[in-house]
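Numbering (numbering that gives the first Met the number 0), first residue to last: 0 to 155. What follows is a set of notes on a single structure, which appears directly below.
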Amino acid sequence: MIKDLTDIFTKGILNSENYNPKTIQSKLENLPNIRCVFYDDSPLDNWYLITRDDEKGVAEYYGFLSYRFPVALLMKNFPDNIRELLEENGIITDEFHRRCSCDEDILRKYAPEANLPIIDDRKLLDGRISFDSQDFIQICSFNYMSPYDFDFGDII
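What follows is the structure, encoded as structure tokens:
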């Protein structure tokens, strides 16, 4: 299933005026055994990873909190008390899905330096991408991310 993130990401942009991710991170980390840190495998620092830790390390993955906008994408096992903390602090929550889609312009705001360039290859069909453009060359290399079907890991 592909989760369309356009609505939640748009709401996050519209409600971002007083968003302070460091404050939310601090509130989460004040809870017992909860960590909220930038995702280790990503150099982008777009999203915090929220986990429950035990003495051995990460015990459960709970979801992701955007660094730029008040949006959290949460796993099914996310505890209600932490969800309430997020929502009380103006964070818009939704369920996490690995496969996603999003309006191209909105997606660029959440992932300004994505691991891969964001190109809607459907624009080839209606002529909005010319065959002599850089986007066409990128599409031919298969080294791009499609906004209508991408892996969430590409924007972390």
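Backbone N, C-alpha and C define an ideal beta-carbon position, used for all residues, glycine too. Since we're looking at a predicted model, the values are computed, not measured.
Assigned with DSSP and collapsed to three states, residue 121 falls in helix. By the neighbour-count criterion, in which 16 or more other beta carbons inside 10 Å mark a residue as buried, residue 36 falls on the exposed side. DSSP places residue 151 within a helical segment (H, G or I) once states are collapsed to three.
DSSP places residue 103 within a helical segment (H, G or I) once states are collapsed to three. Look at residue 62 here: in three-state DSSP terms it is strand. In the DSSP assignment, residue 73 falls within the beta strand (DSSP E) that extends over 70-73. Rounded to the nearest whole angstrom, the C-alpha separation of residue 62 and residue 8 is 15 Å.
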